[in-house]
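Colleague: Residue numbers in the sequence shown follow the numbering used here, run continuously in steps of one, and reach 809 at the last position.
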Amino acid sequence: MPRFLRVALLVFLVGCFGTAQGAGKKVSKPSAPKAAKAHEKHPVHHRNKTRGVVKHPADTSGKTRTGKASIYSHRLAGNKMANGARMDPNSNNAASKTLPLETRARVTNLSNGKSAVVVIKDRGPHIKGRIVDLSPATAKMIGAGKQGVVPVEITPLKAPQVGSQGKPAKAAAG
636 MPRFLRVALL VFLVGCFGTA QGAGKKVSKP SAPKAAKAHE KHPVHHRNKT
686 RGVVKHPADT SGKTRTGKAS IYSHRLAGNK MANGARMDPN SNNAASKTLP
736 LETRARVTNL SNGKSAVVVI KDRGPHIKGR IVDLSPATAK MIGAGKQGVV
786 PVEITPLKAP QVGSQGKPAK AAAG
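Right under this line is the structure:
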């Protein structure tokens, strides 16, 4: 048998065995990790959990704080908030780093004295010096619609009762 035919036969046989071992298996290219949506990367949507310990904000009912309030962007409409609800720019939603979720609080614009009652449904703001993020509707009610950042006073009215699961207890229907 000529040398050329032996080499061709050897290459053919190696090719056949290589195909038999990989038969039925799909060869997949390593895929790049899926890019997280912008709202999933935003620190507001991370749970307040450190080293496996879930932290609950202290009851701060009646403790008034003053600082700056900022306004949620309309672009966040429909995104999930820390309490699991969707952000509605026309509601009385607010975000606080220190008040428990579902706490009702009065926010007063110190520039004009207008106030509104909000429900804390999210965590934030995450900019130094700001104490609360307000929905656009609430910002409009207190006269802060176009200003972006305003000096405010926030007074918690009533903190929700925390149940045995660490979640706000549901009020009894009556």
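In this text, a Cβ means the ideal position worked out from N, Cα and C, and glycines have one as well. Note that the structure is a prediction, hence the values are computed from the model and not measured.
Excluding sequence positions up to five away, which residues of its chain have a Cβ less than 6 Å from the Cβ of Ser705?
Modeller: Around Ser705: Pro760, Arg765, Asp768, Val784.
Colleague: Kindly identify the DSSP beta-bridge partner or partners of Val787.
Modeller: Bridge partners of Val787: Gly702, Asn744.
Colleague: Smallest Cα separation from Ala712: which of Pro724, Asn718, Gly748, Gly719?
Modeller: Cα-wise, what sits closest to Ala712 is Pro724.
Colleague: If I follow the unbroken alpha helix (DSSP H) through Ala772, where does it start and stop?
Modeller: Element bounds for Ala772: 771–776.
Colleague: Using DSSP's beta-bridge definition, name the partner residues of Ala730.
Modeller: Partner(s): Asp757, Asp768.
Colleague: Whole angstroms is fine: what's the gap from Thr738's alpha carbon to Tyr707's?
Modeller: Their backbone Cα atoms lie some 18 Å apart in a straight line.
Colleague: Mind reading off the beta-carbon distance from Gly778 to Asn744? Whole number of angstroms is fine, and I expect it under 8 Å.
Modeller: Indeed, because the Cβ distance is near 5 Å, the residues count as touching under 8 Å.
Colleague: Spatial neighbours of Ser726 within its chain, please: C-beta separation below 7 Å, excluding the five flanking residues on both sides.
Modeller: Closer than 7 Å at Cβ, skipping near neighbours: Ser770, Ala772.
Colleague: Where does Leu736 fall in DSSP's three states?
Modeller: The answer is coil: DSSP assigns Leu736 none of H, G, I, E or B.
Colleague: For Val742, which option in Val646, Leu640, Leu792, Gly719 has the closest C-alpha, if you only look at C-alpha atoms?
Modeller: Checked all of Val646, Leu640, Leu792, Gly719; the closest Cα to Val742 is Leu792.
Colleague: Can you tell me the Cα-Cα spacing of Arg638 and Gly650, whole angstroms?
Modeller: Whole-angstrom Cα-Cα distance: 18 Å.
Colleague: Can you tell me whether Asn728 is buried or exposed, with buried defined as 16 or more other CB within 10 angstroms of its CB?
Modeller: That one is buried.
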